[in-house]
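Line order of the protein sequences matches chains A and B.
Convert by adding 44 to the 1-based position in the first sequence; the result is the number in the working numbering.
Convert by adding 45 to the 1-based position in the second sequence; the result is the number in the working numbering.
No residue lacks a Cβ here, since even glycine has one placed at the ideal position from N, Cα and C.
Everything numeric in this text was worked out from a predicted model, so none of it was measured.
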Amino acid sequence: MDLLFDSVRSALLLFMSFDAELVDIVMVSLKVSFSATLIASVLGIPGGFLVAYAVFPGKRMVLTVLNTLLALPTVVIGLLVYSFISRRGILGSFDLLYTQKAMVIGQVILIVPVIMTLTIAAISRIDKRYRLTALTLGATRYQMALVILKEARYGIFAAVIAAFGRVIAEVGISMMLGGNAKGFTRTMTTAMALEYDKGEFVLSVALGITLMTIAFVINMLFHLLQGRTGNDAL
Amino acid sequence: MLYSLENLTRKHGDRTVLHIDKLDIEPEQIYTLIGPNGAGKTSLLQILAFLDQPSSGRMHFLDKEVSFDQKQLYALRRQVVLLDQTPIMFTGSVRQNVEFGLQVRKVARTERRQRIEEALELVGMERFADYDAQGLSGGETKRVALARALVLQPEVLLCDEPTANVDNENQEIILKIIDKINQEHKASVIFSTHYLAQGQRLAHQTLLLQNGELADVASENIYRVTVVERREDTLVCQLTGQLFLTLPHHILPDAVQTAKLQIDPNGVILNPKTTNPAEGNLLSGHITDLAQDSGRIRVVINVGVRLVLVLPMTQYRQEKPGIGEKMQIFIPHSSMYCRRINLTR
């Protein structure tokens, strides 16, 4: 219990002192995770919509592959991206390895399937009458898609939040592609791993508490947004 | 012709849900589509609304063949609107819902505002313009959905059971609006209903769908009859069992021995005060069912066969017939129609 109390006290002290290193780490984490979530949303939401609505041969296979990709280990993504962006890789000339961009690429690969599958699930739950109503009122396919996305927005927000939670908490990609360089690619999770290796459990747990606090605040904001815009929000 | 359908089928897997040999629908008319659940009414309406594609067959709209390619469909859908049986409201206010179709058509803001007000006024929902559309009752939702359709001034309004699941007051309002837009705006209306009397009251023409096929336009009270005696002015016909009815002589040619007899439920008189045997048939039987149908009472009476008659509410309140009660009915010759049975079918 002492470890926990010490960690909470340390976390509070770190917060209150605006420790420059902690702020740096948090900012890198947020910047990388937000960027990855934004890019993955731009790719995953329309992608999920297309898969949900399009009728094509092999659709079941696509859904199975997407579901399988949910279980893709971060280390596998790290290795895959590494093989492309390392000096000897096809994209080696872009000097991406051990940069935040490399971390973003890896994290996008990690969460695109998350956003796509949860978007498909959210859209599949939407009443088919929305589609038919939009079409009979003269909407084009694009306008109909906007109607569906609007009606499925809570499910899609939830997909984005889940994806953000996945990337801000992952360590494998950040470590392998970012390299845990202080001030550049050190995130909360890689810093925690480092502090743990050094035997600095208190700081490690303090960082963990910080991460959980950020995740909690983001979820609170999401629920507040739901409460303000939808009566059906829990 | 407004619509012309030839050899049109719609299949779901191996099951044929619609098979129409030939159907012509004239413009500026009200058609009612009658049939039991699963008869194919919704499937037909969705094809007529260009929301679904037939599996085979040809369809013409305003004398042009419908090819069902996307570009053509957008243009066609902007002339036809389908009102769903249980309409769904988009997230937003009533006004935003009614505005949707105008927005996608890029109608100017000032014109939009005016048309929305007119449409909401037409359905009596102008007070609800700023209400949350998803918080309305079933009847109010139907009226807003009607406004959402009518604001587009469609050439054809298709309604899937517009009066289902709404109270009497809303039913009457909806039926009056349908009649009004046909009378004043010359819009063609095709609506499906379970209520025969309701359909016949409003419609110029009636279509009967059974098992996905168009059946002879008919109503309830259809019986197969055999002519057993020909008198000077009347025919004596035998229905199923021991029931005999007299029919006016002129309704069947001499050579015909079997026919389909149809009795208009609105023409049958319950508990007649005076009757003239030369003008109809006086029968008695037990009431087996009573039901309300658009402000009227539908009475089922067993007179040897199951016979339906429709009473105005005022008469029902006076007579107060009860289930199991024995009552007399008079079937005037004027409410009896005969069709020769086509032996080739």
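- Asp129(B) belongs to the set of residues whose beta carbon lies under 8 Å from a beta carbon in chain A.
- For Phe145(B), the residues of chain A that pass the 7 Å Cβ criterion are Leu181, in the order they occur in the chain.
- Annotation: the region 219-258 of chain B contains the following complete segments of the alpha helix (DSSP H) (minimum length 4 residues), in chain order: 241-247.
- A straight-line Cα-Cα distance of about 18 Å links Thr320(B) and Leu356(B).
- About 33 Å separates the beta carbons of Ser138(B) and Tyr76(B), which is beyond the 8 Å limit, so they are not a contact pair.
- Between Leu335(B) and Ile342(B), the CB-CB gap stays under 8 Å.
- Using beta-carbon distances, Glu195(A) counts as an interface residue toward chain B, with a partner under 8 Å.
- Annotation: Cβ neighbours of Leu176(A) in chain B (cutoff 8 Å, chain order): Gln91, Leu96, Leu127, Asp129.
- When Cβ-Cβ separations below 8 Å define contact, Gln187(A) makes contact with chain B.
- The beta carbons of Gly349(B) and Gln283(B) sit no closer together than 8 Å.
- Per DSSP, the continuous beta strand (DSSP E) segment holding Gly102(B) begins and ends at 101-106.
- Three or more pairs of CB atoms, one per stretch, sit closer than 8 Å, so the region 188-198 of chain A contacts the region 130-145 of chain B.
- Within chain B, the C-beta atoms nearer than 9 Å to that of Arg173(A) come from Asp129, Thr131, Pro132, Ile133, in chain order.
- C-alpha of Val215(A) to C-alpha of Val246(A): approximately 19 Å in a straight line.
- Put simply, the CB of Val149(B) is near chain A, with a gap under 8 Å to one of its CB atoms.
- Residue state for Val196(B) is assigned as coil, using DSSP reduced to three classes.
- When 7 Å is used as the limit between beta carbons, Val99(A) is near no residue of chain B, the shortest such separation being about 12 Å.
- For Thr136(B), the C-beta contacts it makes with chain A under 7 Å involve Lys194, Glu195, in order along the chain.
- A direct Cα-Cα distance of roughly 23 Å separates Gly252(A) from Ala146(A).
- About 31 Å separates the beta carbons of Gln360(B) and Gln74(B), which is beyond the 8 Å limit, so they are not a contact pair.
- Contacts with chain A at 8 Å (Cβ-Cβ) do not include Leu191(B).
- Scanning its chain for C-beta atoms nearer than 6 Å, with the 5 sequence neighbours on each side dropped, one finds around Arg122(B) the residues Phe95, in chain order.
- Rounded to the nearest angstrom, the Cβ distance from Gly199(A) to Leu162(A) is 7 Å, consistent with a contact under 8 Å.
- Burial state of Met232(A) is buried, judged by a 10 Å Cβ sphere holding 16 or more other Cβ atoms.
- Look at Asn326(B) here: in three-state DSSP terms it is strand.
- For Tyr119(B), the nearest beta carbon of chain A is closer than 8 Å to its own beta carbon.
- Neighbours of Arg154(B) across chain A, judged by C-beta separation under 7 Å, do not exist; the nearest C-beta is about 17 Å away.
- Annotation for Lys116(B): no residue places its beta carbon closer than 8 Å to its own, counting only its chain and skipping 5 residues before and after.
- The region 59-71 of chain B and the region 83-100 of chain B touch, with no fewer than 3 CB-CB distances between them shorter than 8 Å.
- Using a Cβ-Cβ cut-off of 7 Å, Arg122(B) is close to Leu179, Thr180, Gly182 of chain A, given in chain order.
- The CB of Val86(A) never comes closer than 7 Å to any CB in chain B; the least such distance is about 23 Å.
- Residue-level contact by beta carbon holds for Val191(A) and chain B, with a gap shorter than 8 Å.
- If you draw a straight line from the Cα of Asn210(B) to the Cα of Val109(A), it is about 44 Å long.
- A Cβ of chain A is located within less than 8 Å of the beta carbon of Leu197(B).
- Only residues of its own chain outside the window of five on either side were considered, and among them Leu135, Gly136, Phe138, Leu140, Leu141, Ala146, Ile149, Leu221 have a CB closer than 8 Å to the CB of Ile129(A), listed in chain order.
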